[in-house]
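**Student:**
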Amino acid sequence: MSAAMLLPLQAFVKASIKFGLGNDTTKLMANTCLINALLRYHTMSPGMTQTQLANIASRNSMLVVTSTVSGAKTTTAKVLKFQPEGNNVRVTGGATSTLLGKPHNVVAGKGIIHNINNVLLPTTNLTTLAKMTGCKITL
């Protein structure tokens, strides 16, 4: 399978501070369910270059959630949106956005990695993300 990964290299420290964990990402990283959900949200198929991302409006991430509305279960993939911005591409998740950083278009096996400067979140906080994904908050 070919995939594109939006990798927030230094952004996990920023996210830890934002969510009241200080500079210590140990608590966040120990919550493997939540980390896996975040990583799935930063991954999409197929692998795409920056130029290809600039030419699409949106793409489903690999984060799939199930919700129940009026007794009916619905399964949906969380969407990432892309918009050209100068010589770059802005990526928007549900609650956050960031520009592709450098390096980008890094080929890794069958995938392509793009550095980003922020953690993309499909919701405004980790508690809501945990509820959406069935993860327990152990922060």
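Each residue of the sequence shown is one higher than the one before, starting from 0 at the first, in numbering that gives the first Met the number 0. The beta-carbon is built from N, C-alpha and C at its ideal position, and this holds for glycine as well.
According to DSSP, is Ala76 part of a helix, a strand, or is it coil?
**Tutor:** Strand, per DSSP.
**Student:** With a CB to CB cut of under 6 Å and the five nearest residues on each side skipped, what residues in its chain are close to Gln82?
**Tutor:** Arg89, listed in sequence order.
**Student:** Using a Cβ-Cβ cut-off of 8 Å (strictly less than) and excluding sequence neighbours within five positions of Leu6, which residues of its own chain qualify?
**Tutor:** For Leu6, where only same-chain residues beyond five positions count, the Cβ hits under 8 Å are His41, Ile112, His113, Asn114 and Ile115.
**Student:** Can you list, in chain order, the residues of its chain whose CB lies under 7 Å from that of Ala129, leaving out five sequence neighbours each side?
**Tutor:** The answer, listed in chain order, is Leu33, Lys135 and Ile136.
**Student:** For Val64 and Thr73, what's the separation of their Cα atoms in angstroms?
**Tutor:** Taking the straight line joining both Cα atoms gives about 8 Å.
**Student:** Which residue marks the beginning of the beta strand (DSSP E) containing Met131, and which one marks its end?
**Tutor:** From DSSP, Met131 is part of no beta strand (DSSP E) but of the alpha helix (DSSP H) over Leu125 to Thr132.
**Student:** For His113, list the residues DSSP reports as bridge partners.
**Tutor:** The partner list for His113 (beta bridge, DSSP) reads Leu5.
**Student:** Spatial neighbours of Met43 within its chain, please: CB distance less than 6 Å, with the 5 preceding and 5 following residues excluded, ordered by chain position.
**Tutor:** Hits under 6 Å: Ala3, Arg58 and Ser60.
**Student:** Going straight from the alpha carbon of Pro121 to that of Gly85, what length do you get?
**Tutor:** Taking the straight line joining both Cα atoms gives about 25 Å.
**Student:** Just to confirm the assignment, what range does the alpha helix (DSSP H) spanning Ala53 have?
**Tutor:** Segment Gln49 to Ala53, the alpha helix (DSSP H) holding Ala53.
**Student:** Whole-angstrom Cβ separation of Asn117 and Thr97, contact assumed at under 8 Å?
**Tutor:** At roughly 4 Å, the Cβ-Cβ gap stays under 8 Å, so Asn117 and Thr97 are in contact.
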